[in-house]
Amino acid sequence: MHGPGGMGRFANIEAEKPRNRNRVIYRLLKLVLPYKWLLILSLGLVTISAASQGLSPYLIGRAIDGFISKGDAAGLGRIIVVLMVVYIVGMFANRYQIIATNQIGQNLLAELRLEVFVKIQSLSLQFLESKQAGEIMSRLVNDIEALNSFFTQALAQMIGSIFSLAGLVVAMVAIDWQLALAVLVMVPVLLLTTNWFSKMARTAFRKTRTTIGEVSANLEEELSGVKVAQAFNRTDANVRRFASVNAANRDANVNAMAVTSAFMPAMDLLSTIDMGLVAALGGYLVISGRLSVGIVVAFLQYVQNFFRPIQTVAQMWTLAQSAFAAAERVFDLLDMDPTVQDAPDAIPAARIEGFVRFEDVSFGYEKDEMVLCQASFEAKPGQTIAIVGPTGAGKSTLVSLLARLYDVTSGRVLIDGKNVRSLQQRSLRSQMGIVTQEPFLFSGTVMENIRYGRLNATDEEVYEAAKTANAFDFISRQPGGFKGEVGERGRLLSQGQRQLIAISRAVLADPRILILDEATASIDTQTEVLIQKALQKLLAGRTSFVIAHRLSTVRNADLVLVIDQGEIVERGTHKELMKMGGLYADLYNRQFYQPEADTRTGIPVLFST
Amino acid sequence: MGGLQVMGQQLTLGELVAFIGYQGFFLMPIFMVGFIGSALSRAEASAQRIFEVIDAESDVKDKPGAAILSRLKGDVVFDNVTFRYAGMDQNVLEDVSFEATPNQTIAILGKTGSGKTSIINLIPRFYDVTKGRILVDNLDVRDVNIESLRKQIGIVLQETTLFSGTIRENIAYGRPDARIDDVIAAAKAAQAHEFIVELPEAYDALIGERGVGLSGGQKQRIAIARALLLNPRILIMDDSTSSVDAETEYKIQQALDLLRQGRTTFVIAQRISTVRNADQILLIDQGKLVGKGTHTELLKCCETYVEIMETQFGERAEWLAAVEEEVQ
Numbered sequence: 009m010h011g012p013g014g015m016g017r018f019a020n021i022e023a024e025k026p027r028n029r030n031r032v033i034y035r036l037l038k039l040v041l042p043y044k045w046l047l048i049l050s051l052g053l054v055t056i057s058a059a060s061q062g063l064s065p066y067l068i069g070r071a072i073d074g075f076i077s078k079g080d081a082a083g084l085g086r087i088i089v090v091l092m093v094v095y096i097v098g099m100f101a102n103r104y105q106i107i108a109t110n111q112i113g114q115n116l117l118a119e120l121r122l123e124v125f126v127k128i129q130s131l132s133l134q135f136l137e138s139k140q141a142g143e144i145m146s147r148l149v150n151d152i153e154a155l156n157s158f159f160t161q162a163l164a165q166m167i168g169s170i171f172s173l174a175g176l177v178v179a180m181v182a183i184d185w186q187l188a189l190a191v192l193v194m195v196p197v198l199l200l201t202t203n204w205f206s207k208m209a210r211t212a213f214r215k216t217r218t219t220i221g222e223v224s225a226n227l228e229e230e231l232s233g234v235k236v237a238q239a240f241n242r243t244d245a246n247v248r249r250f251a252s253v254n255a256a257n258r259d260a261n262v263n264a265m266a267v268t269s270a271f272m273p274a275m276d277l278l279s280t281i282d283m284g285l286v287a288a289l290g291g292y293l294v295i296s297g298r299l300s301v302g303i304v305v306a307f308l309q310y311v312q313n314f315f316r317p318i319q320t321v322a323q324m325w326t327l328a329q330s331a332f333a334a335a336e337r338v339f340d341l342l343d344m345d346p347t348v349q350d351a352p353d354a355i356p357a358a359r360i361e362g363f364v365r366f367e368d369v370s371f372g373y374e375k376d377e378m379v380l381c382q383a384s385f386e387a388k389p390g391q392t393i394a395i396v397g398p399t400g401a402g403k404s405t406l407v408s409l410l411a412r413l414y415d416v417t418s419g420r421v422l423i424d425g426k427n428v429r430s431l432q433q434r435s436l437r438s439q440m441g442i443v444t445q446e447p448f449l450f451s452g453t454v455m456e457n458i459r460y461g462r463l464n465a466t467d468e469e470v471y472e473a474a475k476t477a478n479a480f481d482f483i484s485r486q487p488g489g490f491k492g493e494v495g496e497r498g499r500l501l502s503q504g505q506r507q508l509i510a511i512s513r514a515v516l517a518d519p520r521i522l523i524l525d526e527a528t529a530s531i532d533t534q535t536e537v538l539i540q541k542a543l544q545k546l547l548a549g550r551t552s553f554v555i556a557h558r559l560s561t562v563r564n565a566d567l568v569l570v571i572d573q574g575e576i577v578e579r580g581t582h583k584e585l586m587k588m589g590g591l592y593a594d595l596y597n598r599q600f601y602q603p604e605a606d607t608r609t610g611i612p613v614l615f616s617t
Numbered sequence: 102m103g104g105l106q107v108m109g110q111q112l113t114l115g116e117l118v119a120f121i122g123y124q125g126f127f128l129m130p131i132f133m134v135g136f137i138g139s140a141l142s143r144a145e146a147s148a149q150r151i152f153e154v155i156d157a158e159s160d161v162k163d164k165p166g167a168a169i170l171s172r173l174k175g176d177v178v179f180d181n182v183t184f185r186y187a188g189m190d191q192n193v194l195e196d197v198s199f200e201a202t203p204n205q206t207i208a209i210l211g212k213t214g215s216g217k218t219s220i221i222n223l224i225p226r227f228y229d230v231t232k233g234r235i236l237v238d239n240l241d242v243r244d245v246n247i248e249s250l251r252k253q254i255g256i257v258l259q260e261t262t263l264f265s266g267t268i269r270e271n272i273a274y275g276r277p278d279a280r281i282d283d284v285i286a287a288a289k290a291a292q293a294h295e296f297i298v299e300l301p302e303a304y305d306a307l308i309g310e311r312g313v314g315l316s317g318g319q320k321q322r323i324a325i326a327r328a329l330l331l332n333p334r335i336l337i338m339d340d341s342t343s344s345v346d347a348e349t350e351y352k353i354q355q356a357l358d359l360l361r362q363g364r365t366t367f368v369i370a371q372r373i374s375t376v377r378n379a380d381q382i383l384l385i386d387q388g389k390l391v392g393k394g395t396h397t398e399l400l401k402c403c404e405t406y407v408e409i410m411e412t413q414f415g416e417r418a419e420w421l422a423a424v425e426e427e428v429q
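Chains as they are written, first to last, in the numbering used here: chain A, 9 to 617; chain B, 102 to 429.
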């Protein structure tokens, strides 16, 4: 009695092995410890369920030998009632066992998820922004999901099956060891067959997965690029290409089905052979008078009951291995050290005046590769410092060090004369505002997103901040106004609108030091004007560091730092730097590149570069 | 029940055992029928949607015996063109007429949603006009073979679509049989060669999901190379550049300028320099052509133009003024 294609479900999971299985199991068990009463309950229930599985065929045998063959109808009635009770108790025990095991599993999973979340909040940006971290994070989601499916599906079934097997073996051996041997002799064959099929099926299903991946990637790509395909007359070629990946997927599926469809009949064949074995040996023993018919019938039931749990355990083992490997990666993450930590004697920062000083600051993600070299400069309270330079020059690194998202490799970052490493991170960051190019909005209302800048702000203060940031008007026009949802990552708003919200957030936070990464992307002109005006208001009266892309910003800055390949190569005001005629002047000219002076229209050329 | 029958001699013990076996085989199919029923109704609904797609007719088709276009000179005429999307009751373009002579650059200017994109979609016949006609070299586009028409039109838009495959395949997308020398030449002209050869596999580097990631600016330059390789007579482009640094922007603009030379070009203009250098500016507002002429002409006579210049380029105009002051 197996579902069709029971193999496919497990063959679809990639097999993985943990490096150190025992250690992982040990740690998982440690996590289970708080739920030991639930665990004991669960084990008790599973024992009852197993006992009922071992008992019921025996009772059927008794019914045949003791009552049916003797014609004792009343006795038969009694034993059938007993049999029903045993079944029902077994079923309930099994059900509650599954619930109890799941409860343990889900609690454990929730705890693990929380621990991971807490951990990630504390990990250094240096790690989180690395490419390797991106991979780890995306795996982490899958890992937690693998653990989830292990705990919800596999664990309860596996424990149940193992106990059932134990119960069945005990019952069989107790009743008749010879017949028991006849049943058990098939077990190695069964395991080998299952194993062989699993391997075949996994290979076959891997093929179906890669081919369907190609089909859907192809489909998606061609659908989104259909305009280009039409424009370049490629539609026929694309159809041919799709036809071939499509055919490959069809063949892979047919092949996988061919493999898996053979599995159940093979199992049935084995169980039939085993039954034949039991019937032959049992028959012989009955004829020679050493055994009763009822016992043989009971053993035929045992054979049937025995096969299923063995298969379950064999198949679930793959799932369990993957789950252990997943758990191992989760534990690896949990064991990581956060790099930016408060010093034990860190003091809370007082109200920041805004005096910032970098003293020979060097920083590298890797020890031998400096991203920032010996950077020194000073900013006085209220000044605006513009940072310019080619992509990858080290601009973002410089401002990240200021906010102490990373710790310097050498040198010092001083705020109001105090080393940032001696200050509590929380007190430092609460006085710093950061507005990035791609501001991150959280799903929730506009109101909640602005209030993120200062959680205890009143509604009135939020409105005021939005007004200062020129965001009030567009928010009021949005459906739902301030109560309108922004969508996941703010995707219901345009990029410009997201920026205005982020600026409102910064206005509300009223930071003493502001870090601003100007957007390079094209935003429609009207919003752009709103953003520029809002930023001017935001910059006023606080020390500001701007990664600048706009001419107006650099022109108004008190100091422009030009960074190239990790070094501050030029510094001064816009005018001074233009006179210098170095990298800055060069960058500046290119940014406002115009192809050629217009001579045809006869209009005086507005500018020339 | 069976037990009683055996005792009453109506059933043998063997038959009873057999029946216990039957019971198992009997229940399974009953469960299955239940599962299959719901799957069946879902399949029916899905099949219906798929058949709808398969049965949909393409509106843009070659006429029987449509002429194969020979190499175009590049003359494009819109003759009282009105366009609306099928099933909509509002015209996207209304009664638009203009002529582009060979090698002219036509800048199309207008607010978002004014109908700029519709104009450029009609030239390669992505859609057919609702009224009026479009002529290339005096032939109605509906009378010519679509493939031969599109072969001579290059398109470079801001939203760059590349396909998974190698860089070479992507550049040669419109001419799959192009020689590698031609591909490299196109890439060089598009300022793309430099970064391509820095990739581990150069022109054979895979791009897309499983390949190397390219920045927005790099993708754009590959798209330019792709259009260049086609050597089209008519070019349709969008001169905006998305999130790139100044250096890259400079390169892209240079590549676009090169691409534009010697072809009839339609530009959805985002840059003041494009507008100023255009031979003809089409000013579109709510689907209507409200102004036509050069920058100078429009500045003198057309209020909407001045208005749009101010909103679209207002901020930049300020900077330009600032630069001028600087230079002096």
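Quick reminder that beta carbons are idealized off the backbone N, C-alpha and C, glycines included.
For A/Thr392, the enclosing beta strand (DSSP E) covers residues Thr392 to Val396. Bridge partners of A/Leu567 according to DSSP: A/Ile393. Assignment of B/Cys403 by DSSP, reduced to helix, strand and coil, places it in the coil class. Here B/Lys217 is buried: its Cβ has 16 or more other Cβ atoms, across all protein chains shown, within 10 Å.
The beta carbon of A/Ala510 sits closer than 7 Å to the beta carbons of Val443 and Pro447 from its chain, once the five residues preceding and following it are set aside; these are given in chain order. Inclusion of A/Gln61 and A/Ser172 in the CB contact set at 8 Å is warranted, their separation being smaller than that value.
Contact note: B/Val118 reaches chain A through Val305 and Leu308, using a C-beta cutoff of 8 Å and chain order. Runs of the beta strand (DSSP E) lying entirely within the segment 402 to 426 of chain A and spanning at least 3 residues, in chain order: 418 to 423. Residue pairing by DSSP puts B/Met338 in a beta bridge opposite B/Val257 and B/Val368.
Using a CB distance cut-off of 8 Å, A/Lys403 does not count as an interface residue toward chain B. Going by beta carbons, B/Gln253 and B/Ala356 fall outside the 8 Å limit.
Distance from B/Lys320 to B/Thr261 at the Cβ level is roughly 4 Å; contact confirmed, criterion being Cβ atoms closer than 8 Å. With its beta carbon at least 8 Å from every one in chain B, A/Glu468 lies outside the interface. The beta carbon of B/Gly392 sits no closer than 8 Å to any beta carbon of chain A. The beta-carbon of B/Glu248 is placed less than 8 Å from the nearest beta-carbon of chain A. Here B/Ile325 carries a helix assignment [DSSP, helix/strand/coil]. The three-state reading of DSSP puts B/Gln381 in strand, counting E and B together. Among the CB atoms of chain B, one or more fall inside 8 Å of the CB of A/Asn241.
Among the residues facing chain B, A/Gln238 is included, as its CB has a counterpart in that chain under 8 Å away. Nearest Cα to B/Val182 within the set B/Arg172, B/Ser219 and B/Asp283: B/Ser219. By the C-beta criterion, the segment 486 to 506 of chain A is judged not to be in contact with the segment 323 to 334 of chain A, since fewer than 3 inter-stretch pairs fall below 8 Å. Assigned with DSSP and collapsed to three states, A/Asn150 falls in helix. Within chain B, the residues Thr262, Leu263 and Phe264 have their CB atoms less than 9 Å from the CB of A/Gly233, given in chain order. For A/Gly489, there is no enclosing alpha helix (DSSP H), as DSSP marks it with neither H nor E.
Proximity of A/Ala245 to chain B, defined by a Cβ-Cβ separation below 8 Å, is satisfied.
For B/Thr183, the enclosing beta strand (DSSP E) begins and ends at Val177 to Phe184.
A residue is called buried when at least 16 other Cβ atoms come within 10 angstroms of its Cβ; B/Ile137 does not meet this threshold and is exposed. For A/Val191 and A/Val294, the gap between their C-alpha atoms comes out near 17 Å. DSSP, read as helix, strand or coil, puts B/Leu194 in strand.
B/Pro301 is outside the set of residues whose beta carbon lies under 8 Å from a beta carbon in chain A. Interface flag for A/Val286 against chain B is unset, since no Cβ pair is found closer than 8 Å. From the beta-carbon of A/Ile72, the residues of chain B found nearer than 7 Å are Leu114. Identification of chain A residues near B/Ile254 by a Cβ-Cβ cut-off of 8 Å yields Ala239, ordered along the chain.
When the five nearest sequence neighbours on each side are left out, the beta carbons in the same chain lying within less than 8 Å of the beta carbon of A/Gly425 are those of Phe363 and Arg365, in order along the chain. DSSP, reduced to helix, strand and coil, places A/Thr399 outside both helices and strands of the structure shown, so it counts as coil. Among the CB atoms of chain B, none fall inside 8 Å of the CB of A/Val515.
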